[in-house]
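Q: Residue numbers (our numbering): 4 to 471.
Sharing a structure with you now.
Below you can see the structure in the form of structure tokens.
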């Protein structure tokens, strides 16, 4: 198996003239867009294989058996993705709402969908492929559920206007191939669903099957993007990573070749019974001299470019992290950051990348809750999603002593809430303020109770003295 060295085409939106679906969505139209979508799968497959560690070097032509042929992979894509995800979304994305009843409903919905794991896996797909989808549906108990879908399993078709309004979506797959006449030996007939604002239409092969009403009134699919171009997190450094793999593999080949260098015996004949296969035994014998002093026995090694290789590897590694904008946190420079400010400077590029992604995520999450709130059985007010506040926080080590000192210095300059928000270990400043007020109220009541008890005792003593 060989792969093209040319970059793959980015997944531009699939667009359609709305007039083509005025009389419904035909299977011919669906098949047309499935064919267009299939052309993108090579890129998705390449990015997924990169993340899993199956890089191009494993598919390069084999060298002759007598030559070293090491295939080493430095899995930068996985490191870049997992490091960024841990930093940017290692902490759960928080949602708040001014109406406690709505907030409780949202919390129950998220708990039922194991939201922490769901969102982490969904956003990981986005980092790998540049975009991914979330599919919402009603389960057998009429509860709203959602699942993360890779972009090679689902696509959305938009209209050809400036607004690019979604017209329909298609989620599809292929049956296991049992046919001897199939054009593709690995694929059987396709099956899936056509998702519109009004209905969900199942299909199998070229025929539409069951049609169900769409309870939401919206296409139940949300697209999440890393950026508008849908470029994956490590996609721009794919070539650098492949070159790093090639160089480090050749370096390993040089080490192996040095360890198995040929022994040259010049000037004296060696019995052929002792050296049967020159390649296997790695012996070269030239003879013809009668002078023992002219006999030379030495190992033959090819010149190495160890210094050049090391410089190239260092340059490639630095470029990979610099261009991907994800920090190499295993570098000693990060361990030597003694203050939060110095660490923040080192993480600035990754922080900017995360902030840009935050904006895309917030937009998509609002659409998720717009669909969720469209059902009266979920939330009575269909516009409740507009007041949801989405907050993300970075998962970084914090110097608590430094934070506490900064918060103390802010005393009298800012509000108590802002002062508490400076402390990373305070998750909810508003809740913390309420607890502080409750404690102050209890302490005040306790002190008042003690004074009242003391005054009561003095009165009792005074009355006792009068009686005496």
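Quick reminder that beta carbons are idealized off the backbone N, C-alpha and C, glycines included.
Using the C-alpha atoms, what's the distance from residue 161 back to residue 16?
A: 7 Å
Q: Taking contact to mean at least 3 C-beta pairs separated by less than 8 Å, is the stretch 54-73 in contact with the stretch 30-37?
A: no
Q: Under DSSP, the alpha helix (DSSP H) around residue 312 begins and ends at which residues?
A: Membership of residue 312 in the alpha helix (DSSP H) is indicated by the continuous run 309-327.
Q: Can you tell me the Cα-Cα spacing of residue 202 and residue 214, whole angstroms?
A: If you take the alpha carbons of residue 202 and residue 214, they lie about 7 Å apart.
Q: With DSSP collapsed to three states, give me the class of residue 397.
A: Three-state result, residue 397: coil.
Q: Helix or strand or just coil, what does DSSP make of residue 380?
A: coil
Q: Shortest alpha-carbon distance to residue 145 belongs to which of 327, 252, 82, 217?
A: 217
Q: Give the secondary structure of residue 141 by DSSP, where H, G and I count as helix, E and B as strand, and everything else as coil.
A: strand
Q: In whole angstroms, what separates the C-alpha of residue 156 from that of residue 444?
A: 57 Å
Q: For residue 152 and residue 229, I'd like the C-alpha separation in whole angstroms.
A: 15 Å
Q: Return the CA-CA distance between residue 148 and residue 116, expressed in angstroms with no decimal places.
A: 6 Å
Q: For residue 126, which residues of its own chain have a beta-carbon under 6 Å away from its beta-carbon, when the five flanking residues on both sides are left out?
A: 92
Q: Leaving out five residues before and five after residue 183 in sequence, what residues of the same chain have Cβ atoms less than 8 Å from its Cβ?
A: Unreliable placement is indicated for residue 183, whose pLDDT of 48 sits below 50; no coordinate value is reported for it.
Q: Considering residue 122, what are the terminal residues of the alpha helix (DSSP H) in which it resides?
A: 118-132
Q: Nearest to residue 439 by alpha carbon, out of 122, 451, 419?
A: 419
Q: Leaving out five residues before and five after residue 246 in sequence, what residues of the same chain have Cβ atoms less than 7 Å from its Cβ?
A: 319
Q: Among 199, 200, 208, 204, which one has its Cα closest to the Cα of residue 192?
A: 208
Q: Look at the alpha carbon of residue 173 and the alpha carbon of residue 158, and state the distance between them as a whole number of angstroms.
A: 6 Å
Q: Work out the CA separation of residue 219 and residue 355 for me, nearest whole Å.
A: 35 Å
Q: Among the residues of its own chain, which have a CB less than 8 Å from the CB of residue 168, if the five just before and after it don't count?
A: 161, 162
Q: Do you know how far the Cα of residue 122 is from the Cα of residue 137?
A: 10 Å
Q: Taking the alpha-carbon positions, what's the residue 46 to residue 236 distance?
A: So the two alpha carbons sit approximately 14 Å from each other.
Q: How close, in whole Å, do the beta carbons of residue 393 and residue 139 come, if the pair is a contact with beta carbons under 8 Å?
A: Residue 393 to residue 139, Cβ: 17 Å. No contact.
Q: Quick one: Cα of residue 240 to Cα of residue 435, how far?
A: 44 Å
Q: For the alpha helix (DSSP H) holding residue 81, just list the boundary residues, first then last.
A: 79-92
Q: Quick one: what's residue 174 bridged to in DSSP?
A: 157, 196
Q: How many angstroms separate the CA atom of residue 376 from the CA atom of residue 369?
A: 10 Å
Q: As a quick exercise: from 196, 408, 441, pick the residue whose alpha carbon is nearest that of residue 425.
A: 408
Q: Mark residue 135 as exposed unless 16 or more other C-beta atoms lie within 10 angstroms of its C-beta, in which case mark it buried.
A: Of the other Cβ atoms in all chains shown, 16 or more fall within 10 Å of the Cβ of residue 135; this residue is therefore buried.
Q: Once DSSP output is grouped into helix, strand and coil, what is the label at residue 36?
A: helix
Q: Measuring alpha carbon to alpha carbon, tell me which of 68, 255, 31, 32 ends up nearest residue 312.
A: When each option's Cα is compared against that of residue 312, the closest is 255.
Q: Quick check on DSSP: helix, strand or coil for residue 237?
A: coil
Q: Buried or exposed for residue 451, please, with buried defined as at least 16 other CB atoms from any protein chain shown within 10 angstroms of its CB.
A: exposed
Q: Cβ of residue 227 within 7 Å of Cβ of residue 129?
A: yes
Q: Rounded to the nearest angstrom, what separates residue 20 and residue 166 at their Cα positions?
A: 13 Å
Q: Run through the DSSP bridge pairs and tell me what residue 151 is partnered with.
A: 137
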